[in-house]
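Chains as they are written, first to last, in my numbering: chain F, 1 to 98; chain S, 99 to 451.
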């Protein structure tokens, strides 16, 4: 029973049923690791990747950098790109540079 | 009927309920109908299916589109129970992967899902297809479109500036729903063109910009009107043409323009071919800005070097949708899509007999 002069209403907010995945912890040391970049095609992301790849190699001892580009900025990456990055990389960075 | 949503007890005044929902970021800034359990149950009673049934997780936060949550938001929007089957069909359509709802919800582009209702149910519920159909004044149009927006915000989690990253948003994000003016169309209506029977009722969702006006007060032939429409469709700032594989154009012809075009012997396919051939920009213009350099084009277009070459806005005439809607007057509208979402249609299947 509601108190007098009160109204009972329902929350419109949806609830999550899917199993929540927890991302593994980041590696404490990048030496000898392979780093992936998922390029969303926005202008200059390729330049950012080139710059960061150099820094990662020089300063952090990264072994290799894998740079893959989506078809366009607003659609999901193709499954084969995700599979390749998951197989080849210890860590993948995704981002926007616009 | 067992409802599972969190219950709030609020002071029983319109102002207090509205304030509480605004504070929680549960509404679009306009007053709502309080979603009491009784009202939600009445909404659910209009469709086949259990309250707990989910149509799927809605992006970007992947929260479940249960019939109960869809009903709560439809009550808030002001829907009558008989509008609810249309809302469900539209959510089913938006969850089709071809619609790419994640992209539509999260983009900086001002896209909103335009709902087009075809068939007899539009007339049953009074969905406006005539004068002012994109505008205010019609409860079915206003509240069905608003219900979709509240669902996208409250269930999907697309809050402006948060997970909905639209730079400006759009008035179309408040509500964007029309019916086709089938009785004023000289051609088969959109759902018949898709292969449905005329007596079926079908929802189409189209991830589009707000309508762009096509004012042609002088043309007495099809070509004049369709040149005006084509010119409206081919603009440097529109996404259409840059991501060509998913570019689509919706041409909403006013009945007077449609009659003039049909009187010239044009079929609907002729309209599509004409616009396909004329909604073009020269390569030299495309190089001036827009998305030049990051476009997704087929190899043949990337190979073009003549700055005078006219390049298409969509990949084929089939990527142009044509419907007739509106009232008297010499106006039509072009609705460019966002180019990362394709139009999807679903029949109304949950009408309770």
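Each residue gets a CB set at the ideal place from its N, CA and C atoms; glycine is no exception.
All values reported here derive from a predicted model rather than from experimental measurement.
- Residue burial annotation: residue 344 of chain S is buried, with at least 16 other C-beta atoms found within 10 angstroms of its C-beta.
- At a cut-off of 8 Å between beta carbons, residue 392 of chain S contacts chain F.
- Taking 8 Å as the cut-off, the Cβ atoms of residue 162 of chain S and residue 17 of chain F count as close.
- The beta carbon of residue 319 of chain S sits closer than 8 Å to those of 358 and 362, all from its chain and outside the five residues before and after it, given in chain order.
- Cβ contact annotation for residue 170 of chain S (same chain, cutoff 7 Å, sequence separation greater than five): 103, 133 and 138, in chain order.
- Bounds of the alpha helix (DSSP H) holding residue 56 of chain F are 45-60.
- Separation of the CB atoms of residue 400 of chain S and residue 303 of chain S is rounded to 31 Å, and the pair is thereby denied contact status at 8 Å.
- Non-local beta-carbon contacts of residue 312 of chain S in its own chain, meaning distances under 7 Å to residues more than five positions away in sequence, involve 326, 327, 330, 429, 430, 431 and 432 in chain order.
- Listed along chain F are 7, 8, 9 and 10, each with a C-beta nearer than 8 Å to that of residue 134 of chain S.
- The beta-carbon of residue 75 of chain F is placed less than 8 Å from the nearest beta-carbon of chain S.
- In this structure, the beta-carbon distance from residue 434 of chain S to residue 371 of chain S does not fall below 8 Å.
- Residue range 210-216 is occupied by the beta strand (DSSP E) that includes residue 210 of chain S.
- When Cβ-Cβ separations below 8 Å define contact, residue 205 of chain S makes contact with chain F.
- Assignment of residue 152 of chain S by DSSP, reduced to helix, strand and coil, places it in the strand class.
- The continuous beta strand (DSSP E) containing residue 39 of chain F extends over residues 34-39.
- Contact of residue 41 of chain F with chain S is assigned, a C-beta pair being separated by under 8 Å.
- Straight-line spacing of the CA atoms in residue 48 of chain F and residue 145 of chain S works out to 52 Å.
- The C-beta of residue 15 of chain F comes closer than 8 Å to at least one C-beta of chain S.
- Between residue 288 of chain S and residue 419 of chain S, the beta carbon gap of about 7 Å places them in contact (Cβ cut-off 8 Å).
- Counting C-beta atoms within 10 angstroms of its own C-beta, residue 230 of chain S has fewer than 16 neighbours from the protein chains shown and is therefore classed as exposed.
- Taking every protein chain shown into account, the CB of residue 63 of chain F has fewer than 16 other CB atoms within 10 angstroms, so this residue is exposed.
- Only buried fits residue 192 of chain S, as 16 or more other CB atoms lie within 10 angstroms of its CB.
- Contact with chain F is found for residue 104 of chain S, since one of that chain's Cβ atoms lies less than 8 Å from the residue's Cβ.
- The beta-bridge partner set that DSSP reports for residue 435 of chain S consists of S:306.
- Bridge partners of residue 102 of chain S according to DSSP: none are assigned.
- Separation of the CB atoms of residue 446 of chain S and residue 336 of chain S is rounded to 32 Å, and the pair is thereby denied contact status at 8 Å.
- Identification of chain F residues near residue 194 of chain S by a Cβ-Cβ cut-off of 7 Å yields none; the smallest Cβ-Cβ distance measures about 14 Å.
- Between residue 349 of chain S and residue 373 of chain S, the CB-CB gap stays under 8 Å.
- Contact between the segment 146-157 of chain S and the segment 184-204 of chain S is present: 3 or more CB-CB pairs across the two stretches fall below 8 Å.
- Here DSSP, grouped into helix, strand and coil, assigns residue 418 of chain S to strand.
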